[in-house]
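Beneath this line is the structure, given in structure tokens, with notes to follow.
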Amino acid sequence: MPDMPEMSEEQRKELEEKLKNMSPEEIAELQKQQCIFCQIVSGKIPSKTIYDDDKVLVVLDINPATKGHLLVIPKTHYAIMPQIPDEELGHYFVVSKFLSQLLLKNMKATGTNLFIANGQAAGQRAQHFMLHIIPRKDGDGILDAESKLIEADMVAKVMEGVKPKLFELLGVKEEVQTTLEKDEDDDIEEETDDLSEEDDNSEPGEEDNDEKSEDEDQETQENDDSEDGVEDDEQDDSEESEKNDESDEDEGTEEEDSNKKPTKDKRKGGDDVSLDDIANLFQ
-5 MPDMPEMSEE QRKELEEKLK NMSPEEIAEL QKQQCIFCQI VSGKIPSKTI
45 YDDDKVLVVL DINPATKGHL LVIPKTHYAI MPQIPDEELG HYFVVSKFLS
95 QLLLKNMKAT GTNLFIANGQ AAGQRAQHFM LHIIPRKDGD GILDAESKLI
145 EADMVAKVME GVKPKLFELL GVKEEVQTTL EKDEDDDIEE ETDDLSEEDD
195 NSEPGEEDND EKSEDEDQET QENDDSEDGV EDDEQDDSEE SEKNDESDED
245 EGTEEEDSNK KPTKDKRKGG DDVSLDDIAN LFQ
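The opening residue of the sequence shown carries number -5 in this note's numbering; numbering runs sequentially from there.
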């Protein structure tokens, strides 16, 4: 990724003074004029373009971390990620998903990193947000970082500082989680009560047995009276059964044919990913 030219102290003060008297629209236009990636998007600076649509431009990084390193560059100038509308940010990741799969298959990478340098401390060197897609191979040493354990009291402090703010940003009250857990417990108790009632109802009482005995006696009498027509009924039932069997076979054939039809929808993704592709990422 190209570096932005360093400004002298005098140039910095001059720019700050100029910015004080400018409207937000004028500042945005000045940022575009000064931003090397806005010039790449506009075509004023040449690039090796891989993909282009109305929201993003994807180019090869001229200083790649590995071979095939891609930059997903928004066409609108955003300095950092929080400025980007949710829907537009989602589009960047959809594009990145398919490009990542492309690198895995055609560059024979064994993995990919989707990397965002959000702020100077995170390694951002230009004030234009972008998403890096970096092909990885075993043992390349890229982005290796030493893991460190955090004390339990520090974990608690981080939770106390982050979790309430997260609920605030999402507009969700923390009590909702407790309410949901209570509702789940109530549902379990109701299901248990329903099962107990079913068990009680399934035990036959004396009255049921008496009624069943009377029904059996009546059925025996009816059978004795209708012996003469049994053979005719059996023949009719046999013919009807054969017709039903043929109908069932036809329906079964139609179901098998419908199951054989392809139902792929490439827009949803996943149809081009096999189990072997997934397994190769974790060998």
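Cβ coordinates follow ideal geometry from the N, Cα and C atoms, glycine included.
This one's a predicted model, so the numbers in the text were calculated from it and none came from an experiment.
Residues near residue i by beta carbon distance below 6 angstroms, same chain, minus five either side
| i | result |
| --- | --- |
| Lys254 | Confidence at Lys254 is low in this model, with a pLDDT of 46, below 50, so its placement is unreliable and no value can be given for it. |
| Val224 | Because the pLDDT at Val224 is just 45, under 50, the model does not fix this residue reliably, and the value given afterwards should be weighed accordingly. Answer for Val224: no residue qualifies. |
| Gln33 | Ile39 |
| Lys42 | Val53, Leu54 |
| Tyr45 | Val52 |
| Lys26 | Cys32, His71 |
Residue i at chain C interface by Cβ criterion, 8 angstroms
| i | result |
| --- | --- |
| Tyr86 | Although the question refers to chain C, the structure presented lacks it and comprises just one protein chain. |
Beta-ladder partner(s) of residue i, from DSSP
| i | result |
| --- | --- |
| Ile127 | Leu64, Leu108 |
| Tyr45 | Val52 |
Residue burial classification, residue i (beta-carbon count within 10 angstroms, cutoff 16)
| i | result |
| --- | --- |
| Thr106 | buried |
| Val287 | No statement about residue 287 is possible, as the shown extent of the chain runs from -5 to 277 and does not include it. |
| Val152 | exposed |
| Lys61 | exposed |
| Pro68 | buried |
| Ala103 | buried |
| Pro256 | Per-residue confidence for Pro256 stands at a pLDDT of 43, beneath the threshold of 50, marking its modelled position as unreliable; the derived number appears in the next sentence. Classification for Pro256: exposed. |
| Arg130 | buried |
| Asp138 | exposed |
| Phe92 | exposed |
| Asp55 | buried |
| Phe31 | buried |
| Ile128 | buried |
| Ser141 | exposed |
| Ser2 | exposed |
| Ser36 | exposed |
| Ser94 | buried |
| Val66 | buried |
| Leu160 | exposed |
| Leu164 | exposed |
| Val50 | buried |
| Leu98 | buried |
| Leu9 | exposed |
| Leu96 | buried |
Neighbourhood of residue i by C-beta, 8 angstroms cutoff - its chain only, sequence neighbours within 5 removed
| i | result |
| --- | --- |
| Asp47 | Val89 |
| Met75 | Leu83, Ile110, Asn112, Phe123 |
| Arg6 | none |
| Cys29 | His71, Ala120, Gln121, His122 |
Rounded Cβ spacing between residue i and residue j (contact assumed at less than 8 angstroms)
| i | j | result |
| --- | --- | --- |
| Ala73 | His122 | 7 angstroms |
| Ala22 | His71 | 7 angstroms |
| Ile136 | Ala59 | 5 angstroms |
Neighbourhood of residue i by C-beta distance below 7 angstroms, restricted to the same chain and skipping five residues each side
| i | result |
| --- | --- |
| Leu13 | Ile21 |
| Asp134 | Thr60 |
Please list the segments of the alpha helix (DSSP H) lying wholly inside the stretch 1 to 46, counting only runs of 4 or more residues, in order along the chain. 3 to 14, 18 to 28, 30 to 36
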